[in-house]
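Take a look at the structure below.
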Amino acid sequence: MVTVSNFITNPTDRPAQKGNLVSTINKNHSMEKSFSAKPQKHEPIDSRKYKQDTVLKNSLPNRMWVNFIKTMDIPMIHFPRGFMGTPDYTFYEFLQTAKFPYYIGGPILAALFYAGVKKDNFKSAKAANKVAKHMALGVGFYYVGAALAKSIVNNTLKITRGIDLKHPYAKAISTSTSQTGDFKKEVEFRTLYESCEFTRTDLIFDHKGTEKNIDPEKIIKKYGVKGDVNDADQTVKPLIKKSIIMARAWQYALTAFFVTLGIGIANQQAWDVDSRIGFKTLWEQKVKNKSLPKKVRLQNLKSIANEYALQPFVKSCKQFWQGHSKASSIIGKSVILSTAAATLLAISLISTKTSARGHKLESSGTNIKQNEEVK
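Under our numbering, the first residue of the sequence shown carries the number 11, and numbering increases by one thereafter.
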């Protein structure tokens with residue numbers, strides 16, 4: 011059976027890659043330990059390997075590869091299954107296909123402005139290019155703002171509670187039934203903390219003695235559970251769900267603030283300098299020129315990035331704060347200050363309201379007595 015994920019990683023079509031991605035699988039395709047204590051060489055993620063739900067290594071290369079597979083599965087797996095009315099089409103697939111307009115909508119909108127540029131009229135072409143440039147920057151800052159908001163909340167939760175909302179796992183899909191439809195799938199790549207309803211705490215706490223790159227005791231400790239308490243994970247599980255609810259809500263809330271901030275910065279005059287020709291010349295002569303030493307080319311790249319990206323960004327932030335009128339100054343200051351305040355509030359609430367230190371726990375046999383609910 012061919013899916014995007016196993017087609018891309020098929021060893022007959024593509025040479026094996028190296029990297030610490032997933033746990034070792036033996037010749038009989040039975041799962042051994044989920045993760046090894048020592049780094050090992052593994053093949054890329056292959057959907058055919060997963061006969062049961064499996065926690066994946068939470069590394070940046072691994073997450074990038076999983077996200078690439080999930081993105082490619084949208085047009086090549088989920089849409090065909092939806093178009094054909096596959097009986098086992100899931101809500102997860104619906105959510106994945108809903109992301110498609112989000113991925114392509116912004117770039118298409120920005121491209122439409124460039125498409126309307128009149129080449130035979132220099133004055134109108136220059137004005138249209140300026141609008142298109144601001145539009146493209148706005149789209150770029152929109153995605154950056156959304157990513158930054160999610161990253162701030164996720165890192166707060168990761169540092170304070172040991173919970174990484176991006177931690178991936180492979181959900182094995184049974185294809186033995188005749189109701190799977192024409193377009194079958196073998197795996198769904200999800201996250202352990204996808205939502206409060208689909209939190210895979212069983213993959214974290216219930217597999218005793220299995221080496222993974224998750225330490226349940228560390229999570230329990232970070233939540234503030236102390237003392238000799240039996241079944242402490244039963245106390246932490248509700249707090250994990252509470253953490254997910256708060257984190258997801260704040261991610262969306264902060265996204266609105268950071269997107270507004272990004273669009274405001276993108277529409278400042280600091281970006282109006284027509285530097286395309288100069289940038290192209292410097293890039294070809296000082297970065298792409300292979301006759302120069304790599305160290306020199308890297309220094310030139312840093313210099314170009316500073317001149318054409320960092321400096322305009324700093325200037326645009328100042329311009330957004332100062333404004334070109336009294337009204338725009340008030341708006342700029344309000345957006346910047348409210349974004350900062352919302353960020354600090356999110357960090358503060360997530361750090362305090364998800365703690366187990368409001369509990370008074372007692373050890374009694376195999377049960378936990380909770381004398382006080384979470385405050």
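Each residue gets a CB set at the ideal place from its N, CA and C atoms; glycine is no exception.
If you're wondering where the values come from, they're calculated on a predicted model, not measured in any experiment.
Can you tell me whether residue i is helix, strand or coil according to DSSP?
i: V163; result: helix
i: I18; result: Confidence at I18 is low in this model, with a pLDDT of 44, below 50, so its placement is unreliable and the value that follows should be read with caution. In this structure, I18 counts as helix in the three-state DSSP scheme.
i: V154; result: helix
i: Y203; result: strand
i: E196; result: coil
i: T209; result: strand
i: M41; result: Only weak support exists for where M41 lies, its pLDDT of 36 falling under 50; the value from the coordinates is given anyway. In the structure shown, M41 sits in a strand (DSSP, three-state: E or B).
i: S393; result: Beyond the ends of the chain as shown, which are 11 and 385, falls residue 393; an answer cannot be given.
i: K364; result: Before going further, note that residue 364 is Thr rather than Lys in the sequence given. Here T364 sits in coil by DSSP.
i: S344; result: helix
i: D83; result: helix
i: G148; result: helix
i: G233; result: Just to set this straight, residue 233 is Tyr in the shown sequence, not Gly. Residue state, collapsed to three classes: coil.
i: P111; result: helix
i: P117; result: helix
i: L354; result: helix
i: K298; result: coil
i: L122; result: helix
i: G172; result: coil
i: S339; result: helix
For residue i and residue j, what's the separation of their Cα atoms in angstroms?
i: M145; j: V269; result: 13 Å
i: R258; j: K336; result: 36 Å
i: C206; j: Q295; result: 53 Å
i: I114; j: P303; result: 38 Å
i: Y233; j: M256; result: 15 Å
i: P97; j: K195; result: 12 Å
i: K140; j: I273; result: 15 Å
i: L308; j: I360; result: 40 Å
i: L66; j: K168; result: 17 Å
i: Y153; j: L147; result: 10 Å
i: P71; j: K176; result: 13 Å
i: T364; j: N316; result: 40 Å
i: A276; j: S338; result: 14 Å
i: F199; j: D174; result: 15 Å
i: A157; j: K300; result: 34 Å
i: F45; j: N68; result: The predicted position of F45 is uncertain, since its pLDDT is 35 and thus under 50; a value taken from the coordinates is nonetheless stated next. If you take the alpha carbons of F45 and N68, they lie about 11 Å apart.
i: G288; j: K325; result: 19 Å
i: T211; j: M94; result: 34 Å
i: A366; j: V235; result: 6 Å
i: V197; j: R73; result: 16 Å
i: T349; j: I229; result: 30 Å
i: A319; j: T100; result: 43 Å
i: V306; j: F151; result: 30 Å
i: L292; j: I340; result: 38 Å
i: K231; j: T245; result: 12 Å
i: V297; j: S313; result: 10 Å
i: A137; j: G342; result: 24 Å
Starting from residue i, trace the beta strand (DSSP E) both ways and give me its first and last residue.
i: Y179; result: P178 to A182
Looking at C-alpha atoms only, which residue of the options is the closest neighbour of residue i?
i: R91; options: I79, G115, K363 and F104; result: F104
i: F89; options: P71, P111, N77 and S69; result: P111
i: T201; options: R210, P178 and W260; result: P178
i: Y102; options: N277, K290 and I183; result: I183
i: T107; options: I360, D98, T362 and M82; result: M82
i: W281; options: F323, L308, Q295 and W331; result: F323
i: T170; options: A242, S253 and K195; result: S253
i: D243; options: I214, G333 and M74; result: I214
i: I346; options: A142, L264, A319 and R367; result: L264
i: Q62; options: T100, L122, A180 and K143; result: A180
i: K143; options: L122, K160, L292 and I229; result: L122
i: W3; options: Q279, A366 and W75; result: The requested residue 3 does not occur in the structure, where the chain is confined to residues 11 to 385.
i: F208; options: E227, M74, K247 and G172; result: K247
i: P85; options: I340, K109 and R367; result: K109
i: V149; options: G172, P117 and A159; result: P117
i: K290; options: L311, R73 and T349; result: L311
i: C327; options: S313, S344 and Y262; result: S344
i: L249; options: S313, G172, W293 and W260; result: G172
i: E204; options: Y262, K251 and I224; result: K251
i: I357; options: W260, I314 and T100; result: W260
i: K160; options: Y262, I87 and L119; result: Y262
Could you spell out the range, first to last residue, of the alpha helix (DSSP H) harbouring residue i?
i: N68; result: First-last for N68: undefined, no H or E at that position.
i: D243; result: A242 to A276
i: R91; result: F89 to F93
i: I224; result: I224 -> no alpha helix (DSSP H), and no H or E assigned at all.
i: Y60; result: From DSSP, Y60 is part of no alpha helix (DSSP H); its letter is neither H nor E.
i: P322; result: Q321 to Q332
i: E103; result: F101 to A108
Cβ pair count under 8 Å reaching 3, the stretch 342-362 against the stretch 261-278: Segments in contact, yes.
Inter-stretch contact at 8 Å, needing at least 3 Cβ pairs: the stretch 162-169 / the stretch 69-81: The way I'd put it, the stretch 162-169 doesn't touch the stretch 69-81; fewer than three beta-carbon pairs between them come closer than 8 Å.
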